[in-house]
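**Q** Using this note's numbering, you'd call the opening residue of the sequence shown number 281 and step up by one each time.
By construction, the Cβ of each residue, glycine as well, lies at the ideal position given by its N, Cα and C atoms.
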Amino acid sequence: MTYYSGFLLPVPTANRQKYIDMAQAAWSMFKRYGALRMVEAWGVDVPRGKVNDFYMSTQAKDDETVVFSWIEWPDKATADAGYEKMMSDPEMQAPPEMPFDGMRMMWGGFEPIVDEKA
Numbered sequence: 281m282t283y284y285s286g287f288l289l290p291v292p293t294a295n296r297q298k299y300i301d302m303a304q305a306a307w308s309m310f311k312r313y314g315a316l317r318m319v320e321a322w323g324v325d326v327p328r329g330k331v332n333d334f335y336m337s338t339q340a341k342d343d344e345t346v347v348f349s350w351i352e353w354p355d356k357a358t359a360d361a362g363y364e365k366m367m368s369d370p371e372m373q374a375p376p377e378m379p380f381d382g383m384r385m386m387w388g389g390f391e392p393i394v395d396e397k398a
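(1) Do you know offhand how far M372's Cα is from D381's?
(2) Do three or more CB pairs link the segment 307-323 to the segment 333-348 at distances below 8 Å?
(3) Can you give me the C-alpha to C-alpha distance between P354 and D333, rounded to a whole angstrom?
(4) Using a threshold of 8 Å, state whether the C-beta atoms of K356 and Y283 are closer than that.
(5) Roughly how many whole angstroms lie between the Cα atoms of D343 and E396?
(6) In terms of DSSP beta bridges, what is M385 paired with?
(7) With a CB to CB cut of under 8 Å and the five nearest residues on each side skipped, what residues in its chain are close to P392?
Spelled out as structure tokens, the structure:
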């Protein structure tokens, strides 16, 4: 069953191109380890809430934009194996500097319950 790794993070708006460059470089590794697709979405119309919202959940600052992204895998086993291989990949031993605060990034794994494209 298809499996998704989902991510939500604040990125300094001034680092947009650096983030795009990092994401494009990361795709080659994810693809090599079995990912089917990667989507990076830059926040454009993200309303602020009164109780909770994407800004509060990521502790985004005024000069940051919220990014929502996901990686599509054939199944959870492929994702788990891919992440395990990445941890021993020489490219990951000295990863490039992240253009965002990784401490405020959230991620998780998801199995679809409705998939209308299929």
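**A** By the coordinates alone:
(1) So the alpha carbons of these two residues sit roughly 18 Å apart.
(2) Short answer: they touch.
(3) Spanning the two alpha carbons is a distance of roughly 30 Å.
(4) Here K356 is near Y283, since their CB atoms are less than 8 Å apart.
(5) So the alpha carbons of these two residues sit roughly 36 Å apart.
(6) Its beta-bridge partners do not exist; DSSP assigns none.
(7) Result list for P392: M281, T282, Y284, in chain order.
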